[in-house]
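S.K.:
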Amino acid sequence: MLALPAFNPRLDPGAHKLKEIIAGYTMPENVNCGLSNCRTPHQQGYVVQTEDGMVTNIGSVCGKNYFGVDFTRMSRDFEQKVKDKDNRERLEKHQHRVSGYHSRIKTLRAGDRGGDWVYQMQAALTTPNKGVPVLIIRQLRDLQRTGIRDVMMSRPATEEEIKLDEIRLGDEIKQRPYFISAVIGTVVGAEVLGSEDNIKKLLIDDLTLKLEEFKRVKILELSSTQLTRWNKYFSDVELKLTTAGRIIAGMQTLATRENLGFLEALLKEDKEKAEFERFLIRLDSPPASVE
Ligand SMILES: [Zn+2]
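Converting from the sequence shown to my numbering requires adding 1 to each position, the first position being numbered 1.
1. Nearest to Arg89 by alpha carbon, out of Gln227, Glu278, Arg217 and Phe263?
2. Ignore the nearest five residues each way along the sequence and tell me which others in Gly64's own chain have a CB closer than 6 Å to its CB.
3. Taking Cβ positions, are Asn66 and Gly35 nearer each other than 8 Å?
4. Smallest Cα separation from Leu284: which of Gly112, Leu261, Trp231 and Lys269?
5. By the DSSP assignment, the beta strand (DSSP E) with Phe180 in it spans what residues?
6. Is the CB-CB distance between Arg1 and Asn31 below 8 Å?
7. Tell whether a beta-carbon distance below 8 Å holds between Glu273 and Leu136.
8. Counting only the same chain and skipping the five closest in sequence on each side, list residues whose C-beta sits under 6 Å from that of Met28.
9. Regarding Ile59 and ligand 1, is the C-beta to nearest heavy atom distance less than 7 Å?
10. What beta strand (DSSP E) runs, 3 residues minimum, are completely inside the stretch 10-60?
11. Pro157 bridges to which residues according to DSSP?
12. Alpha carbon to alpha carbon, how far is Ala183 from Asp198?
13. Could you give the distance in angstroms between the alpha-carbon of Gly246 and the alpha-carbon of Gly116?
14. Are Phe280 and Ala125 touching if we call contact CB-CB under 8 Å?
15. Quick check on the DSSP output: the alpha helix (DSSP H) that includes Thr226 runs from which residue to which?
16. For the structure I just gave you, are there three or more beta carbon pairs, one from the stretch 166-178 and one from the stretch 94-103, closer than 8 Å?
17. Work out the CA separation of Gly190 and Lys122 for me, nearest whole Å.
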C-alpha cells in the first residue's frame, strides 16, 4: 500500500475530491489515518483514490466524517462487491460439485426400491384411489400422526377374556357377543408418510429440478440477491440428500407385506380386500421400472 506511486500519507481532505474506494483492509496493528488533519490510529479502513489520482488510507469513521454520504454509498457498494466476489467464488466451487450431486440423486432415485418407488408408495399409501383402500390409508395416517405403532381392532372376546373383564369391573357380564378392543398387529415406520417427508418435493421438485436450473445459470450474470440465494440453496443440499436417503430407507421398512399385510383384517368388503391384496403383491415383487 505504501509503495503505490501516488500514495499520500497526509492527504488534505479539503483539497481533494473522493473518487472511489479501491481496497478494504484489516491490519494486525494500528496504522495512522492518511488524512492530514486526522492521523488517528485504526486497524480497519479503506484505501481510497481521489479525483486527481491521489491515493491514501482512511478509517471508516473518518471517511464518513470528512466525505459524508458519498463515502457511505461508496463503502456500501464496495462491501457489496467484496461479498459478491466471495459468493461467486463459492458458487464456482459448488458448480464443480453439481455433477457429483446429480449422480447421487440418480442413484437415490433408481433401483428396486429407490426414490421413484418411494414416490409411488407415498402416493398410494396417502391418497385414495391409488391402489390402497381408504380404511387403511386412514389407519396409517393415524399411526403417523400419533406415533403409535399398535393397531387396535374391536372383536368378540373369548370367555377367558370376559372373565378377566368381570374381575376388573367387579360385575358379571351377560352380554354376548361381548366386544373388546385388542392389538391385532404393529406397523413399523409410518412416520415416513408425513407431509414433511414428501420425497417428490425433496428429491424431484427440489434437488433434481433446482440443480438442473443451476446448470444453466451464468454465475457472472447473477445479481447480488441471486448470488446470496443460490449460496443459501447450496448450504443444505447435503442435508437434503441425507434426508432423502433416510426417507427411502424408511419406506423400505414400512412398505412390505410382513409389515402391512395384517391390516387386511380391518377390511370388511371383498372388493377392498382384493384391492389391498393387489397392492401387497406389488410389494412382493421388484417393482416395474418407472413409467
Ligand atoms: Zn482519520
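Glycine included, each C-beta is placed from N, C-alpha and C at the ideal position.
M.R.: By the coordinates alone:
1. Stepping through the sequence shown from its first residue, residue 89 is reached at position 88. With distances taken between CA atoms, Arg89 lies nearest to Gln227 out of Gln227, Glu278, Arg217 and Phe263.
2. Locating residue 64 in the sequence shown gives position 63, where the first residue counts as 1. Taken in chain order, the residues that qualify are Phe72.
3. Here residue 66 refers to the residue found at position 65 of the sequence shown. Here residue 35 refers to the residue found at position 34 of the sequence shown. In this structure, Gly35 does not lie closer than 8 Å to Asn66 by Cβ.
4. Here residue 284 refers to the residue found at position 283 of the sequence shown. Sorting Gly112, Leu261, Trp231 and Lys269 by C-alpha distance to the C-alpha of Leu284 places Leu261 at the top.
5. The residue given as residue 180 occupies position 179 in the sequence shown. Phe180 to Thr187 is the extent of the beta strand (DSSP E) around Phe180.
6. The question about residue 1 has no answer, for the chain in this structure spans 2 to 292.
7. As a working mapping, residue 273 is identified with position 272 in the sequence shown. As a working mapping, residue 136 is identified with position 135 in the sequence shown. Yes.
8. The count along the sequence shown starts at 1 and reaches residue 28 at position 27. Contacts found: Gln44.
9. Position 58 of the sequence shown holds residue 59. Within the cutoff, so yes.
10. As far as the stretch 10-60 is concerned, its whole beta strand (DSSP E) runs of at least 3 residues are 19-33, 42-51 and 56-60.
11. Here residue 157 refers to the residue found at position 156 of the sequence shown. Bridge partners of Pro157: Phe180.
12. Here residue 183 refers to the residue found at position 182 when the sequence shown is read from its first residue. Here residue 198 refers to the residue found at position 197 when the sequence shown is read from its first residue. Taking the straight line from one Cα to the other gives about 30 Å.
13. Here residue 246 refers to the residue found at position 245 when the sequence shown is read from its first residue. Here residue 116 refers to the residue found at position 115 when the sequence shown is read from its first residue. C-alpha separation (whole angstroms): 8 Å.
14. For the purposes of this step, residue 280 is taken as residue 279 along the sequence shown, with counting starting at 1. For the purposes of this step, residue 125 is taken as residue 124 along the sequence shown, with counting starting at 1. Taking 8 Å as the cut-off, the beta carbon of Phe280 is found closer than this to the beta carbon of Ala125.
15. Residue 226 sits at position 225 when you count from the first residue of the sequence shown. From DSSP, the alpha helix (DSSP H) with Thr226 extends over Ser225 to Ser236.
16. In short, these stretches do not touch, since the Cβ pair count stays below three.
17. In the sequence shown, residue 122 corresponds to position 121, counting from 1. In the sequence shown, residue 190 corresponds to position 189, counting from 1. Before going further, note that residue 122 is Met rather than Lys in the sequence given. When the Cα atoms are used, Met122 and Gly190 turn out to be separated by approximately 13 Å.
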